[in-house]
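Numbering (the numbering used here), first residue to last: 7 to 267.
The following block contains the structure:
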C-alpha cells in the first residue's frame, strides 16, 4: 500500500489569456521542491471560467494538451485540470489526466452550471472516469459536479480518492466546504478540492478554500484567500484499515444512472 504524494496549486488566473496562465503555472510547478506523484490545477486553468468558447477553446493535441504533456514529463508526475476542448462544433469542459509518458485519460464535466449559462455553450459528459496511480484508484470530477452525490457515489469501493477541480465563487464557499466534507464521509474516501483565488473577468471573487479531507471528514489541509503550492502525502493503509473496521459501503442502496441529460 503505497502512499500518494499530491500537490495542490491554488492560484489567481489571467482572464481568457492562455499564454499568460500557462507561463504562470509553469513557474509555480517549478516551485515544487519535493517529489510528487500528482499535480492538481483548477478548473479551466488556462482561461478562468468563461463562456467565450470560440476565443478560448482549442482542439485536442494542441497547445494546452502539449503543455500538460511537457509538464508531466518534466516533473515525472501526473498533471490534471480542465480546459475548454473543441470537437467539431461542440465544446467540452474537459479534464485531462496527463501521465509522464504522454498517455492520458479525459473526463467531460457532466453537470453544467446553468446559473452561469454553461449549458448553453458546452456539451455535458456521460462517462465517469476512474484512473489508477501507484495502486490508488482515483475519480476526478469538475466543480458543479460536487452538488450531485449520485454521480460521485463510490460503488463497491471503486475509488480511494475523489478530486474536484473548480472555479467556485467565494459567495458560496460554505457550500463548497460542506459538500466536500460530505462527499468524503459518505464515500469513505479521501477528497481533494482545488479551487482558484482572485477576481475573474465577470467580477466574481474566489477565495480558494482548497483542501484535503480524509475518509472521516477531517481536514488534513485547508487554505483560503492566498495562492499556494502545497504538497501533502496521503496514507493508503489508514484508509484500508478504516474501511475494514467500518464497512458502511456494504449497506449502500443500489441505483442506476440515466445518462440522458
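Each residue gets a CB set at the ideal place from its N, CA and C atoms; glycine is no exception.
Residue 107 and residue 101 have their alpha carbons spaced roughly 18 Å apart.
Assignment of residue 251 by DSSP, reduced to helix, strand and coil, places it in the helix class. Per DSSP, the beta-bridge partners of residue 229 are 216. Short of 7 Å from the beta carbon of residue 243, and not among the five residues preceding or following it, lie these beta carbons of its own chain, in chain order: 7. Looking only at 132, 83 and 121, the smallest Cα-Cα distance to residue 98 is reached by 132.
In this chain, the alpha helix (DSSP H) harbouring residue 183 covers 179-193.
Scanning 220, 224 and 228 for the CA closest to the CA of residue 213 turns up 228. Three or more beta-carbon pairs separated by less than 8 Å are not found between the stretch 142-151 and the stretch 21-30, which leaves the two stretches without contact. When DSSP states are grouped into helix, strand and coil, residue 257 belongs to the helix group. Beyond the five residues adjoining it in sequence on each side, residue 202 comes within less than 6 Å, by CB distance, of 19, 48, 173 and 212 in the same chain, given in chain order.
Contiguous alpha helix (DSSP H) elements confined to the stretch 34-102 occur at 59-62 and 69-81, taking only those with 4 or more residues.
Membership of residue 111 in the beta strand (DSSP E) is indicated by the continuous run 110-114. Here DSSP, grouped into helix, strand and coil, assigns residue 223 to coil. DSSP, read as helix, strand or coil, puts residue 32 in helix.
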